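> Note that my numbering has the sequence shown beginning at 55, numbered continuously upward.
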Amino acid sequence: MTPLSSAINTFSLPFGEQRNAPLYGQDILSVNQFNREDLTYIYRVAHEMRSIVERIGSFDLLNGKILANLFYEPSTRTSSSFTAAMERLGGSVIPINNVQYSSVSKGESLPDTVRTLECYADVIVLRHPEVGSCALAAQYAKKPIINAGDGIGEHPTQALLDLFTIFEELGNPEGLSVTLLGDLKNGRTVHSLARLLALFNVKLNYVSPEVLKMPEEIVAELGKKKVKQEAFSELDGILPETDVLYVTRVQKERFASLEEYEQLKDLYVITPETMKAAKQRMIVMHPLPRVGEISMDVDDDPRAAYFRQMEYGMYTRMALLAMVLGKA
Ligand code: ASP
Numbered sequence: 055m056t057p058l059s060s061a062i063n064t065f066s067l068p069f070g071e072q073r074n075a076p077l078y079g080q081d082i083l084s085v086n087q088f089n090r091e092d093l094t095y096i097y098r099v100a101h102e103m104r105s106i107v108e109r110i111g112s113f114d115l116l117n118g119k120i121l122a123n124l125f126y127e128p129s130t131r132t133s134s135s136f137t138a139a140m141e142r143l144g145g146s147v148i149p150i151n152n153v154q155y156s157s158v159s160k161g162e163s164l165p166d167t168v169r170t171l172e173c174y175a176d177v178i179v180l181r182h183p184e185v186g187s188c189a190l191a192a193q194y195a196k197k198p199i200i201n202a203g204d205g206i207g208e209h210p211t212q213a214l215l216d217l218f219t220i221f222e223e224l225g226n227p228e229g230l231s232v233t234l235l236g237d238l239k240n241g242r243t244v245h246s247l248a249r250l251l252a253l254f255n256v257k258l259n260y261v262s263p264e265v266l267k268m269p270e271e272i273v274a275e276l277g278k279k280k281v282k283q284e285a286f287s288e289l290d291g292i293l294p295e296t297d298v299l300y301v302t303r304v305q306k307e308r309f310a311s312l313e314e315y316e317q318l319k320d321l322y323v324i325t326p327e328t329m330k331a332a333k334q335r336m337i338v339m340h341p342l343p344r345v346g347e348i349s350m351d352v353d354d355d356p357r358a359a360y361f362r363q364m365e366y367g368m369y370t371r372m373a374l375l376a377m378v379l380g381k382a
């Protein structure tokens with residue numbers, strides 16, 4: 055054995071991966087891949103991540119591991135929370151947030167780009183404007199692909215962190231009345247969250263204008279699972295019984311006509327006045343960014359959970375990275 059390979063052997067011991075660990079080596083493409091047992095495990099790990107970060111900030115569980123953050127659409131929270139998650143676990147990140155400066159602008163295909171990045175990285179986080187793009191990337195990549203938003207399709211890690219927020223703030227979601235408000239047609243976060251909540255006995259209220267309503271296929275999918283669902287055009291009637299109010303932005307980038315967007319964007323605005331009709335024990339969530347749907351005057355209301363929600367996101371993503379890489 056050469057000195058180098060003996061050194062590598064010594065070093066590789068603490069790097070041992072638990073190959074039978076839940077999610078080890080798996081892609082995260084849709085919330086439909088999870089059952090309640092998976093969620094219990096993920097949230098146990100996320101909760102543990104929270105307490106470790108609160109005590110010591112960071113540790114070296116993923117020392118030597120590399121994440122490629124590949125974003126074909128803008129991102130602040132998803133991209134930086136995956137970076138923070140990886141770095142708090144002692145790993146490192148290849149950030150590709152400006153695909154226009156990568157070989158994508160030379161015409162490289164998505165399969166080739168991910169097959170390139172997996173030569174360097176252990177896991178790839180991908181955001182792309184097309185529905186199904188992450189599933190396509192996963193067909194070609196051998197390393198795990200984590201869907202960080204595929205167009206108007208899904209945003210599974212957001213839904214996982216949203217549900218973690220509900221668990222941490224209100225406890226088990228069984229029996230809760232969850233109101234999803236805003237652009238339910240184009241908002242991938244509500245598509246994933248509604249599907250994930252279908253694992254629990256919740257009531258889902260959809261508040262949107264007719265043109266932005268929850269897609270029929272999702273309503274039908276959840277209908278088959280016997281989820282209680284009801285659609286509204288106004289918030290007033292349903293707010294007093296709501297336990298979780300999940301507000302979304304009208305997704306400007308999905309509109310062909312700016313004029314149509316302008317007509318719809320300010321239909322619902324949550325203000326301190328709105329909050330008077332809400333329960334004392336409830337939470338307001340938002341995947342963010344907000345562009346006027348929640349007035350800043352609501353931010354100091356203890357029920358406003360959207361800033362805490364971002365922090366829960368980092369713990370959830372730490373848990374997912376550790377699990378996918380066989381370290382939890
Ligand atoms: N950040 C979320 C997403 O990427 C929500 C939004 O953009 O409105 O889907």
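Backbone N, C-alpha and C define an ideal beta-carbon position, used for all residues, glycine too. If you're wondering where the values come from, they're calculated on a predicted model, not measured in any experiment.
Which word fits T64, buried or exposed, when buried means at least 16 other C-beta atoms lie within 10 angstroms of its C-beta?
For T64, the predicted structure reports a pLDDT of 40, less than 50, and the residue's modelled location is therefore unreliable. The matter cannot be settled from this model.
> Run through the stretch 281-340 for me and flag every whole beta strand (DSSP E) of 3 or more residues, listed as ranges in chain order.
As far as the stretch 281-340 is concerned, its whole beta strand (DSSP E) runs of at least 3 residues are 282-286, 298-301 and 337-339.
> Between which two residues does the alpha helix (DSSP H) harbouring L359 extend?
Looking at the sequence shown, residue 359 is not Leu but Ala. Counting along the chain, A359 falls outside any alpha helix (DSSP H), and DSSP gives it neither H nor E.
> Is DSSP giving I348 helix, strand or coil here?
strand
> Using 8 Å as the threshold, is the C-beta distance between V281 and L266 below it?
Annotated as distal: V281 and L266, with beta-carbon spacing of 8 Å or more.
> Between I148 and the rest of its own chain, which residues show a CB-CB distance below 8 Å, the 5 nearest in sequence each way excluded?
For I148, where only same-chain residues beyond five positions count, the Cβ hits under 8 Å are I120, L121, A122, N123, L171, Y174 and A175.
> Drop a sphere of 10 angstroms on the beta-carbon of M350, count the other beta-carbons inside from all chains shown, and report buried for 16 or more, exposed for fewer.
exposed
> Taking the beta strand (DSSP E) that V232 falls in, what are its first and last residues?
S231 to L235
> From S163 to H209, what distance separates their C-alpha atoms?
22 Å
> Please state if the CB of L217 and the CB of L385 are separated by a distance shorter than 8 Å.
Summary: the structure shown does not reach residue 385, with the chain confined to residues 55 through 382, and so no result is reported for it.
> Taking the C-alpha atoms as reference points, what is the distance between I96 and Q72?
15 Å
> Give the secondary structure of F387 by DSSP, where H, G and I count as helix, E and B as strand, and everything else as coil.
With the chain covering only 55 through 382, there is no way to say anything about residue 387.
> For the alpha helix (DSSP H) that contains D204, what are its first and last residues?
D204 -> not in any alpha helix (DSSP H); beta strand (DSSP E) instead, spanning I199 to D204.
> Would you call A252 buried or exposed, if buried means 16 or more other Cβ atoms sit within 10 Å of its Cβ?
buried
> If you follow the alpha helix (DSSP H) that I120 is part of, which residue opens it and which one closes it?
Looking at the DSSP string, I120 is not in any alpha helix (DSSP H); the run it does join, the beta strand (DSSP E), is I120 to F125.
> Using only the alpha-carbon positions, how far apart do K319 and A382 sit?
42 Å
> Output the residues surrounding ligand 1, defined as those with a CB atom closer than 7 Å to any ligand heavy atom, in chain order.
S129, R131, T132, G203, H209, Q212, G241, R242, T243, T302, R303, Q305, P341, L342 and P343
> Using only CA atoms, which one of N86, A376, F113 and P183 lies nearest to L276?
Taking the Cα of L276 as reference, the smallest distance to any Cα among N86, A376, F113 and P183 is reached at N86.
> Pop quiz: S246 and Q212 are said to be a contact at Cβ under 8 Å. What is the actual Cβ separation, rounded to whole angstroms?
6 Å
> In whole angstroms, what is the alpha-carbon distance linking E295 and F361?
Their backbone Cα atoms lie some 23 Å apart in a straight line.
> Within the same chain, show all residues whose beta-carbon is closer than 8 Å to that of D355, passing over the 5 residues directly before and after it, in chain order.
P326, M329 and V338
> In terms of alpha-carbon separation, which member of M377, R371, L379 and V168 lies closest to R131?
Each of M377, R371, L379 and V168 was checked against the Cα of R131, and the nearest Cα belongs to R371.
> Under three-state DSSP, which class holds L258?
strand
> Taking 8 Å as the threshold (C-beta atoms), are M377 and P165 in contact?
no
> Should R104 go down as buried or exposed, given a rule of 16 or more other Cβ atoms within 10 Å for buried?
buried
> Could you round the C-beta distance between V179 and G207 to whole angstroms and report it? I think they count as a contact, below 8 Å.
15 Å between Cβ atoms; not a contact.
> Would you report the Cα separation of P128 and M336, rounded to the nearest angstrom?
31 Å
> Going by alpha carbons, who is nearest to A373 out of M140, S134 and S311?
M140
> Mind pulling the alpha helix (DSSP H) runs of 4 or more residues that sit fully within the stretch 125-153?
131-142
> Going by DSSP, name the residue or residues bridged to R181.
F125
> Who are the Cβ neighbours of L196 in its own chain at under 7 Å, not counting the five residues just before and after it?
The identity of residue 196 in the sequence shown is Lys, whereas the question assumes Leu. E172, listed in sequence order.
> When you compare only the Cα positions, how much space is there between E314 and K160?
34 Å
> Under 8 Å between the Cβ atoms of G205 and P227?
no
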